[in-house]
Amino acid sequence: MSRKVIVIGAGLAGIEAAYQAAKLGIDVDLYEMRPKKQTEAHTTPYAGELVCSNSLGSIEETSASGLLKKELEMLDSYFLKFAYKHRVPAGSSLSVDRVTLAQDISNDIQSIKGVNFINEEVTEIPAADDDQIVIIATGPLTSGDFAQALTKVTMRKNLFFFDATSPIIHADSIDMSKVFKASRYDKGEADFINLPLDEALYQEFVKALIEAETVEVKDFEQNLFFESCLPIEEIARRGEKSLAFGPLKPVGLENPSTGVIPHAVVQLRQDDLQNHFYQMVGFQTRLKWGEQKRIFQMLPGLEHAEFERFGRMHRNSYINAPLIINKFYQSKIRDNLFFAGQISGVEGYVESIASGLSAGIYAARKLLGLPLCNFPNETAIGSLVNYISQADWKDFRPTKFTFGLLPELPKGDHYRHFRKKKFKKEMKAKIALEALDKWLKKAAT
Ligand SMILES: Cc1cc2nc3c(=O)[nH]c(=O)nc-3n(C[C@H](O)[C@H](O)[C@H](O)COP(=O)(O)OP(=O)(O)OC[C@H]3O[C@@H](n4cnc5c(N)ncnc54)[C@H](O)[C@@H]3O)c2cc1C
1410 MSRKVIVIGA GLAGIEAAYQ AAKLGIDVDL YEMRPKKQTE AHTTPYAGEL
1460 VCSNSLGSIE ETSASGLLKK ELEMLDSYFL KFAYKHRVPA GSSLSVDRVT
1510 LAQDISNDIQ SIKGVNFINE EVTEIPAADD DQIVIIATGP LTSGDFAQAL
1560 TKVTMRKNLF FFDATSPIIH ADSIDMSKVF KASRYDKGEA DFINLPLDEA
1610 LYQEFVKALI EAETVEVKDF EQNLFFESCL PIEEIARRGE KSLAFGPLKP
1660 VGLENPSTGV IPHAVVQLRQ DDLQNHFYQM VGFQTRLKWG EQKRIFQMLP
1710 GLEHAEFERF GRMHRNSYIN APLIINKFYQ SKIRDNLFFA GQISGVEGYV
1760 ESIASGLSAG IYAARKLLGL PLCNFPNETA IGSLVNYISQ ADWKDFRPTK
1810 FTFGLLPELP KGDHYRHFRK KKFKKEMKAK IALEALDKWL KKAAT
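Numbering (the working numbering), first residue to last: 1410 to 1854.
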């Protein structure tokens, strides 16, 4: 049998894993079921589609997402290169045109030497041996039959829960005379459209959200949202001020026509390169569609808004990582089986890319007979898998990278520094990038 990696799922993680393994000279069979069989959230026929927000987060190295992206760039991330190619203006965050990105990467991955793209649903975990490794990267919307097959190796039923997507609005239906364009603290270009709310309108809006009709959720789906992707009405329910301190926070957004910072601000982010659509930032929701139209049209500038897509609810599946995988994203009971992406227990676009990159490199190194050489805990990419593979399995939830996952700094000057928090992040980022640089040199030998 020839040496081969079988990657199941050509999403963010699967594409990255396939590229990294092929780059190390290993043949790859990359399976993708769409468009033959669609998921509830993907809307295009292309591989590598971002299902919800078009933002991959900040690019500032002192932000968690920015540090992880910087490391991925150093590691020659394939997905990130395409993300930069399809970037749309969004201040200091990396936002993309989701359709052109998916179309381009979907074509390109199929042309890479050694990658054999197979448009089929996989319903059983393929057998593998010393010459073949399987990487499972079927994502949060893993097909039902395959999820069933997975329980054979996870030794327990998959855990399922739901999160939600934000509405998208036609740009030409926004009344620009009632809104202002700005980025928070004037960072970058004035890329966001800001809808200013005074206190009376804010309270009316919060009340409407709380009282609105939502889509029925089955008993076992209750209260199972991502903390970082909570439906807007759930946040509203947590207290009158929670939206004004959360997704509607006005800080750093002075209204140029009044010279004052509004009581609350709803932000809209450009969603496509042609500037035809805007996405409501942080407005994931399970409100019924008619209710979304009624309530969101209460907002200044959106009185006549046309919705390209309403917010929706979605299934999400992931393994109990601390029980199932080690720090190489490798099954603890089958060493020729790896997991990557959201299903492996990481959460988020950039984290999914990072886990795909790791699994692709580790799988290829294993087939080449090289030491797997794990990413150091001081790095964002290493600390993430270090955490998910050792977290408390009884309360495990998909995890994003945060600075808190990195080792504490030794006691020193930074404790007395007057901007302690920022300074600590700068130091941790510096240590991370130096540690990754050393890893790159070691892995090359
Ligand atoms: C509705 C929704 C919204 C989300 N929004 C965000 C967000 O805004 N920001 C963020 O950072 N993260 C978000 N996430 C979380 C996560 O970052 C994304 O889902 C991300 O795409 C995960 O990458 P992945 O590679 O693991 O999975 P995917 O990108 O979903 O890729 C998995 C691929 O596997 C294919 N597949 C599934 N089963 C099979 C099978 N049996 N055989 C063959 N192919 C199969 C699928 O068709 C898909 O193309 C969201 C998740 C969901 C479900």
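Where a beta carbon is used, it is the ideal one built from N, C-alpha and C, also for glycine. Please read all numbers here as calculations on a predicted model, not as lab measurements.
May I ask which residues mark the beginning and end of the alpha helix (DSSP H) holding residue i?
i, result
"Lys1432", "1421-1432"
"Arg1806", "Counting along the chain, Arg1806 falls outside any alpha helix (DSSP H), and DSSP gives it neither H nor E."
"Ala1838", "1829-1853"
"Ile1518", "1507-1519"
"Leu1732", "1730-1733"
"Lys1561", "1553-1563"
"Lys1658", "Run containing Lys1658: none; DSSP gives neither H nor E here."
"Arg1703", "1698-1705"
"Glu1643", "1641-1646"
Can you name the start and end residues of the beta strand (DSSP E) that residue i belongs to?
i, result
"Glu1608", "From DSSP, Glu1608 is part of no beta strand (DSSP E) but of the alpha helix (DSSP H) over 1608-1620."
"Glu1480", "Per DSSP, Glu1480 belongs to no beta strand (DSSP E); it is in the alpha helix (DSSP H), 1473-1483."
"Leu1489", "Premise fails: Leu1489 lies in the alpha helix (DSSP H), 1487-1494, not in any beta strand (DSSP E)."
"Asp1436", "1436-1440"
"Ile1417", "1413-1417"
"Gln1541", "1541-1545"
"Pro1465", "Reading the sequence as shown, one finds Leu at residue 1465 and not Pro. That run of the beta strand (DSSP E) goes 1464-1467."
"Val1524", "1524-1527"
"His1579", "1577-1579"
"Arg1443", "No beta strand (DSSP E) contains Arg1443, which DSSP labels as neither H nor E."
"Lys1590", "1589-1591"
"Arg1695", "Counting along the chain, Arg1695 falls outside any beta strand (DSSP E), and DSSP gives it neither H nor E."
My assumption, with CB atoms under 8 Å, is that residue i sits in contact with residue j. Please give the rounded CB distance.
i, j, result
"Ser1486", "Ile1762", "6 Å"
"Ser1753", "Ile1734", "6 Å"
"Ile1424", "Gly1466", "The pair is not a contact, with the Cβ atoms about 19 Å apart (cut-off 8 Å)."
"Ala1556", "Ile1534", "11 Å between Cβ atoms; not a contact."
"Pro1549", "Ser1726", "6 Å"
"Leu1711", "Ile1578", "7 Å"
"Leu1845", "Thr1788", "5 Å"
"Val1524", "Ala1427", "5 Å"
"Leu1842", "Lys1479", "7 Å"
"Ile1670", "Gly1655", "Not confirmed; about 16 Å, so no contact."
"Gly1720", "Thr1694", "4 Å"
"Tyr1594", "Gly1648", "The Cβ separation is near 26 Å, so there is no contact."
"Ala1772", "Val1414", "5 Å"
Report the rounded CA-to-CA distance for residue i versus residue j, giving the unit in angstroms.
i, j, result
"Val1588", "Ser1582", "13 Å"
"Val1497", "Ser1575", "18 Å"
"Lys1393", "Pro1731", "Outside the modelled stretch of the chain, which goes from 1410 to 1854, sits residue 1393, for which no answer is possible."
"Phe1705", "Phe1747", "43 Å"
"Val1674", "Ala1422", "34 Å"
"Glu1529", "Cys1461", "24 Å"
"Asn1516", "Ile1545", "21 Å"
"Pro1785", "Lys1736", "10 Å"
"Asp1628", "Leu1777", "Only weak support is given to the placement of Asp1628: the predicted model assigns it a pLDDT of 45, under 50, and the question is left unresolved by the model."
"Ala1853", "Lys1847", "10 Å"
"Asn1745", "Val1755", "20 Å"
"Glu1630", "Ala1749", "Note on Glu1630: pLDDT 46, under 50, position unreliable in the model; no value is reported."
"Ser1501", "Gly1691", "17 Å"
"Ile1619", "Thr1452", "29 Å"
"Pro1709", "Pro1605", "7 Å"
"Leu1818", "Thr1471", "15 Å"
"Ser1411", "Gly1418", "21 Å"
"Lys1775", "Gly1420", "23 Å"
"Ile1527", "Ile1790", "29 Å"
Strictly under 8 Å for the Cβ-Cβ distance: is residue i near chain C by that measure?
i, result
"Ile1521", "No chain C appears in the structure shown, which is made up of a single protein chain."
Please find out if some non-hydrogen atom of ligand 3 comes closer than 7 Å to the beta-carbon of residue i.
i, result
"Glu1533", "Absent from the structure shown: ligand 3. Ligands present: ligand 1."
* **Runs of alpha helix (DSSP H) lying entirely within the segment 1737-1789, each at least 4 residues, in chain order** => If you keep only unbroken alpha helix (DSSP H) runs of at least 4 residues inside the segment 1737-1789, you get 1758-1776.
* Asked: Could you give the uninterrupted runs of the alpha helix (DSSP H) lying entirely in the segment 1662-1687, keeping only those of 4 residues or more?
  -> Correct list: empty.
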